[in-house]
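Respectively, the protein sequence lines represent chains D, E and V. Residues 0 to 154, numbered by numbering that gives the first Met the number 0, are exactly what the first sequence covers, in order. Residues 0 to 154, numbered by numbering that gives the first Met the number 0, are exactly what the second sequence covers, in order. Residues 0 to 154, numbered by numbering that gives the first Met the number 0, are exactly what the third sequence covers, in order. Have a look at the structure below before the remarks.
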Amino acid sequence: MPAMQDAARRLMLDCAMALDDGDFARWPLCFTADATYRITTRRNERAGHPYSVMWCDGQAGLWDRVEALERANLYDPHHYCHILSDTQPVAGTPDSFAGRTNFLLMRTMQDGSTLPFLSGHYRDTVVLQGGRALFRERVVVLDQCRIDTLLAIPV
Amino acid sequence: MPAMQDAARRLMLDCAMALDDGDFARWPLCFTADATYRITTRRNERAGHPYSVMWCDGQAGLWDRVEALERANLYDPHHYCHILSDTQPVAGTPDSFAGRTNFLLMRTMQDGSTLPFLSGHYRDTVVLQGGRALFRERVVVLDQCRIDTLLAIPV
Amino acid sequence: MPAMQDAARRLMLDCAMALDDGDFARWPLCFTADATYRITTRRNERAGHPYSVMWCDGQAGLWDRVEALERANLYDPHHYCHILSDTQPVAGTPDSFAGRTNFLLMRTMQDGSTLPFLSGHYRDTVVLQGGRALFRERVVVLDQCRIDTLLAIPV
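Okay, structure coming up:
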């Protein structure tokens, strides 16, 4: 369904911009109430290991994550710039879409230095609820097997 | 307006390819006569500072920039490779479009070494003039607050 | 032809995902039987030199490449993550499309470290055969003039 794929793609972009802008309260709103969000590594995925670097169960879990981020604030200030490649459709119906999207995440620290921080792909399942496209499942599969710093901000 | 967004997107690509190819005389032709082009930093934008790293007022200003680039030529030869992410629509009418586009700029020096040079986003206003899409305003918002070298070629 | 451009774009993505997944046997299937695939450098292209970093003549040549890759396996294990920018149309008919696409290739080694490995652009000619879009010609023009390691996996 091209319309559903377009809607899923806009959702991915809105979600990335919310994180890039540090507007974290917009991030959970990209997900359904029963959504799962997790970050894992390519190596774990290949090996079939269930281990996740980050796991949020339900939108409530996402809000917890955001609150921790805004309250605790113990990490070095930094911001992201998401570069999205194309989305490969995996499955689709008129009101759902599953696809894979490669990404590169640039990270800029407060001293102004920028480095490629993470790369990999999203495996997303997007559904329509009340006319809005929302993530029901988002799995972030990182190329990296070691993360060089506390992963504070979601990917 | 999807057609206007598509036209704006093609313009962004044409502009990036002109710079990547070192075909600088094609660059001012992407702008209206009264266009403004400026490069600023995310930090300045957030702080509301008007300071710009580069500022060109009108297409004449863009031509000045290109001539300086081709005549003075005091910089280390290098070339760019623009990687564009999706464009987020901000406003649109049948004959204008405003949007935001994340980018990553890879820079290759004459010795063949390549590094991520700049990242950030474009904030563009594109209009139709004589059937052609042209930038009326292009603001380049850099993630970096320090530029490690003279910014010779426009972004 | 927008439909042909869309089909070409999906082909580019399928080809990139096959290489990213290490599913090399899918890669030759993206090409016609009489396809040419070569990797060259921007500097060679500009100078009009015919020298190629890699050259495969016909799909048989691509299979040879894949077999060598899977049998010999003398390279340090690593995998790619392709980031594709937009495709600039160069020529098109209802059943063929030629275009240029900037790319960035991130490479992750077995120790989990990731670096930008290669950047540049594809110059593709895609044709329809039996209803499928396939590369008839793919030229990879690298920004880099030196490759810091054996180029084992195709780009």
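Just so you know, even glycine gets a beta-carbon here, dropped at the ideal spot from N, CA and C.
Residue(s) in a DSSP beta bridge with R137(E): The count along the second sequence starts at 1 and reaches residue 137(E) at position 138. Looking at the DSSP assignment, R137(E) forms a beta bridge with Y36(E), D123(E).
Please list, in chain order, the chain V residues whose beta carbon lies closer than 9 Å to that of N43(D). In the first sequence, the residue the question calls residue 43(D) occupies position 44. The premise fails here: N43(D) is roughly 12 Å from chain V at the closest Cβ pair, so nothing lies under 9 Å.
Selection of the region 135-148 of chain E by Cβ proximity to chain D, strictly under 8 Å: Taking 8 Å as the Cβ-Cβ cut-off against chain D, the residues of the region 135-148 of chain E that qualify are D142, Q143, C144, R145.
Which chain D residues sit within Cβ distance under 7 Å of T107(V)? Within the third sequence, residue 107(V) is the residue found at index 108, counting from 1. Chain D residues near T107(V): D142, Q143.
In whole angstroms, what is the alpha-carbon distance linking G111(D) and M105(E)? Numbered from its first residue, the first sequence carries residue 111(D) at position 112. Numbered from its first residue, the second sequence carries residue 105(E) at position 106. Between G111(D) and M105(E), the C-alpha separation is close to 17 Å.
So, with DSSP's three-state summary, where would you put R99(V)? By one-based count along the third sequence, residue 99(V) stands at place 100. Here R99(V) sits in strand by DSSP.
Contact check, S84(E) vs F96(E), beta carbons under 8 Å: Counted from its first residue, the second sequence places residue 84(E) at position 85. Counted from its first residue, the second sequence places residue 96(E) at position 97. The answer is no: Cβ separation not under 8 Å.
What are the boundary residues of the alpha helix (DSSP H) that includes C14(V)? On the third sequence, position 15 is the one that residue 14(V) refers to. 1-19 is the span of the alpha helix (DSSP H), which, as asked, contains C14(V).
Does the distance from the C-beta atom of F116(D) to that of T31(D) stay below 8 Å? Locating residue 116(D) in the first sequence gives position 117, where the first residue counts as 1. Locating residue 31(D) in the first sequence gives position 32, where the first residue counts as 1. No, the Cβ-Cβ distance between F116(D) and T31(D) is not below 8 Å.
Beta-carbon proximity of R37(V) to M53(V), cut-off 8 Å: Sequence index remark: in the third sequence, residue 37(V) carries index 38 (1-based). Sequence index remark: in the third sequence, residue 53(V) carries index 54 (1-based). Yes.
Residues of chain E with a CB under 8 Å from the CB of C80(D): which are they? Against the first sequence, residue 80(D) aligns to sequence position 81. Per Cβ cutoff of 8 Å: N101, L103, S118, G119, H120, D142.
Assigned secondary structure, A151(E) (DSSP; H/G/I helix, E/B strand, else coil): Position 152 of the second sequence holds residue 151(E). When secondary structure is reduced to three states using DSSP, A151(E) falls in the coil class, being assigned neither helix nor strand.
Spell out whether any CB of chain D is found under 8 Å from the CB atom of D63(E). Residue 63(E) sits at position 64 when you count from the first residue of the second sequence. Chain D, which has no Cβ nearer than 8 Å to the Cβ of D63(E), makes this no.
Please report whether the beta-carbon of G98(E) lies at a distance below 8 Å from any beta-carbon of chain V. Counting from one through the second sequence, the residue named residue 98(E) turns up at place 99. Closer than 8 Å: no.
When the cut-off is 8 Å and only beta carbons count, does Q87(E) lie next to chain D? Residue numbering aside, residue 87(E) sits at position 88 when the second sequence is read from its first letter. So, interface residue.
Could you list which residues in chain E have their beta carbon closer than 7 Å to that of M16(D), in chain order? Numbered from 1 along the first sequence, position 17 holds the residue referred to as residue 16(D). Correct list: Q87.
For Q109(D), name the three-state secondary structure that DSSP assigns. To locate residue 109(D), count along the first sequence from 1; it is residue 110. Of the three classes helix, strand and coil, the one that applies to Q109(D) here is coil, per DSSP.
Let's test the definition: count the other Cβ atoms within 10 Å of the Cβ of P153(E) and tell me whether it reaches 16, buried, or not, exposed. Residue numbering aside, residue 153(E) sits at position 154 when the second sequence is read from its first letter. Classification of P153(E): buried, given that the 10 Å Cβ count is 16 or more.
Short Cβ contact (8 Å threshold) for T35(E) with Y50(E): Looking up residue 35(E) in the second sequence gives position 36. Looking up residue 50(E) in the second sequence gives position 51. Contact flag unset, no.
Span separating the alpha-carbon of F23(E) from that of A151(E): Residue mapping note: residue 23(E) aligns to position 24 of the second sequence, counting from 1. Residue mapping note: residue 151(E) aligns to position 152 of the second sequence, counting from 1. For the pair F23(E) and A151(E), the Cα-to-Cα distance works out to about 12 Å.
Residues near G57(D) by beta carbon distance below 8 Å, same chain, minus five either side: Indexing the first sequence from 1 puts residue 57(D) at position 58. Same-chain partners within the cutoff: A32, D33, A34, T35.
Is the shortest distance between the beta-carbon of G111(V) and the beta-carbons of chain D less than 8 Å? On the third sequence, position 112 is the one that residue 111(V) refers to. Interface residue, yes.
Within its chain, find whatever has a CB closer than 6 Å to the CB of M142(V); leave out the 5 residues flanking it on each side and keep chain order. To locate residue 142(V), count along the third sequence from 1; it is residue 143. Correcting the residue identity first, residue 142(V) is Asp in this sequence and not Met. Closer than 6 Å at the Cβ level, and outside the excluded window around D142(V), lie R41, S118, G119.
Is L133(D) close to chain E? Criterion is C-beta to C-beta, closer than 8 Å. Here residue 133(D) refers to the residue found at position 134 when the first sequence is read from its first residue. Chain E contact via Cβ: absent.
Quick check on DSSP: helix, strand or coil for D63(D)? Sequence index remark: in the first sequence, residue 63(D) carries index 64 (1-based). Helix.
So which residues on chain D does A84(E) lean against when the C-beta distance must stay under 7 Å? By one-based count along the second sequence, residue 84(E) stands at place 85. Residue identity differs from the one stated: residue 84(E) is Ser in this sequence, not Ala. By Cβ distance, chain D contributes H81, I82, L83.
Chain D contact residues for P1(V), given Cβ-Cβ distances below 7 Å: Here residue 1(V) is taken as the residue at index 2 of the third sequence, counted from 1. For P1(V), no chain D residue has a Cβ inside 7 Å of its Cβ, as the nearest lies near 12 Å away.
Give me whichever residues DSSP pairs with H78(V) in a beta bridge. Counting from one through the third sequence, the residue named residue 78(V) turns up at place 79. Note: H78(V) sits in a beta bridge opposite T107(V).
Which of the three DSSP states, helix, strand or coil, is assigned to Q58(E)? The residue given as residue 58(E) occupies position 59 in the second sequence. Helix at Q58(E).
Taking the C-alpha atoms as reference points, what is the distance between Q128(V) and G47(V)? In the third sequence, counting from the first residue as 1, residue 128(V) sits at position 129. In the third sequence, counting from the first residue as 1, residue 47(V) sits at position 48. Cα-Cα distance, rounded: 31 Å.
DSSP three-state call for P49(D): helix, strand or coil? Position 50 of the first sequence holds residue 49(D). Of the three classes helix, strand and coil, the one that applies to P49(D) here is coil, per DSSP.
Taking Cβ to Cβ, would you say M3(D) is nearer than 8 Å to G91(D)? To locate residue 3(D), count along the first sequence from 1; it is residue 4. To locate residue 91(D), count along the first sequence from 1; it is residue 92. Less than 8 Å divides the Cβ of M3(D) from the Cβ of G91(D).
Residue burial classification, R137(V) (beta-carbon count within 10 angstroms, cutoff 16): Residue mapping note: residue 137(V) aligns to position 138 of the third sequence, counting from 1. Classification for R137(V): buried.
Would you report the Cα separation of I67(V) and T113(V), rounded to the nearest angstrom? Your numbering for residue 67(V) matches position 68 in the third sequence. Your numbering for residue 113(V) matches position 114 in the third sequence. One point to set straight first is that residue 67(V) is Ala, not Ile, in the sequence displayed. So the alpha carbons of these two residues sit roughly 25 Å apart.
Give me the Cβ distance between D75(E) and V126(E), rounded to the nearest whole Å; I'm assuming they're in contact under 8 Å. Position 76 of the second sequence, counted from the first residue, corresponds to residue 75(E). Position 127 of the second sequence, counted from the first residue, corresponds to residue 126(E). Contact doesn't hold; Cβ gap of about 36 Å is too wide.
Taking 8 Å as the threshold (beta carbon to beta carbon), is P115(E) in contact with chain V? Position 116 of the second sequence, counting from 1, holds the residue named residue 115(E). Yes, P115(E) counts as interfacial toward chain V.
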